[in-house]
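There are 2 protein chains.
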Amino acid sequence: MILNAEDAQQRALAFKALADPNRLRLLSIVKAGSDGGTCVCDLTEPLDLGQPTVSHHLKILVDAGLLHREKRGTWAYYSLVPGALEQTAGLLASL
Amino acid sequence: MILNAEDAQQRALAFKALADPNRLRLLSIVKAGSDGGTCVCDLTEPLDLGQPTVSHHLKILVDAGLLHREKRGTWAYYSLVPGALEQTAGLLASL
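Here it is, written out as structure tokens:
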């Protein structure tokens, strides 16, 4: 059965969020981090990117529903949305 | 553990191939088609796209290792590379 246009658009957005090496690396760091979340202040140094670039990529991952963002004091903390990576993987199985 | 830069680059390419609604729809048609492959002549009409656009998208899917292309007579036939979608899904699990 052919995927309808609207559904295809929705799924393509999820893959677009993953289609960047820096975003994949950010996800891997957050995934390896504590359940309480990883401070944005710990995400710039390992990637050797500036804060605005890292914030740009993090926003795309949050908008795609892959990361959860929580402001605590001065800093924002990022954690994986439970099940989101598995759900995206499932989009491939159900093509 | 943080994904290294080279590995991240490689994985991002696979997701880039999937980050387009027309390519997802092409994959869904080929997946639903016969094991012997789907003729390119049957791929333009359902998507309402011109032949050059469809060929462009198919080339990206072949280059990403998701589709196999075989020329038979006048037409090219496309089939899923066995296990390729599952392998791409696995890239998410192993981030």
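Just so you know, the protein sequences line up as chains A and B, in that order.
First residue of the first sequence? That's 8 in our numbering, and the numbers climb one at a time after it.
First residue of the second sequence? That's 8 in our numbering, and the numbers climb one at a time after it.
Glycine included, every Cβ here is placed at the ideal spot set by N, Cα and C.
Extent of the continuous beta strand (DSSP E) to which residue i belongs
i       : result
L181(A) : Not covered by the structure: residue 181(A). The range shown for chain A is 8 to 102.
L56(A)  : Element bounds for L56(A): n/a, residue is neither H nor E.
L74(B)  : 74-79
A83(B)  : 82-87
Counted within 10 angstroms of its Cβ, other Cβ atoms place residue i as buried (16 or more) or exposed
i      : result
R79(B) : exposed
H63(A) : exposed
A26(B) : buried
P53(B) : exposed
G44(A) : buried
P89(A) : exposed
A15(A) : buried
T81(B) : exposed
A24(A) : buried
P28(B) : buried
Chain-ordered neighbours of residue i on chain B, where CB pairs are closer than 7 Å
i      : result
R18(A) : L31
T51(A) : In chain order: nothing, as chain B lies at least about 13 Å away.
D27(A) : A19
T95(A) : L99
K23(A) : A26
A15(A) : P28, L31, R32
Residues that residue i contacts on chain B, provided the C-beta gap is smaller than 8 Å
i      : result
K38(A) : L102
A12(A) : P28, R32
L65(A) : Chain B residues near L65(A): none, gap ~15 Å exceeds 8 Å.
S62(A) : The contacting residues do not exist; S62(A) stays about 18 Å from chain B at best.
Amino acids of chain A, ordered along the chain, whose beta-carbon sits closer than 9 Å to that of residue i
i      : result
P59(B) : Result: empty, since nearest Cβ-Cβ is about 20 Å, beyond 9 Å.
L92(B) : L99, A100, L102
Inter-residue CB distance, residue i and residue j (contact presumed, cutoff 8 Å)
i      : j      : result
L20(B) : L34(A) : In fact, because the Cβ distance is near 16 Å, the residues do not count as touching under 8 Å.
A83(A) : V47(A) : 5 Å
R30(B) : I67(B) : 7 Å
L74(A) : Y85(A) : 5 Å
L92(A) : V37(A) : The pair is not a contact, with the Cβ atoms about 11 Å apart (cut-off 8 Å).
Residue i, enclosing alpha helix (DSSP H) - first and last residue
i      : result
I9(B)  : Element bounds for I9(B): n/a, residue is neither H nor E.
S35(B) : 28-39
L98(B) : 91-100
Any non-hydrogen atom of the ligand GDP closer than 7 Å to residue i Cβ
i      : result
T95(A) : With respect to the ligand GDP, the structure shown offers nothing to examine, as it has no ligands at all.
Listed by chain order, chain A residues near residue i by CB distance under 7 Å
i      : result
S86(B) : Chain A residues near S86(B): none, gap ~14 Å exceeds 7 Å.
Residue i: contacting residues in chain B (beta-carbon distance under 9 Å)
i      : result
S41(A) : Near S41(A) there are no residues of chain B at all, since even the closest Cβ is about 14 Å away, more than 9 Å.
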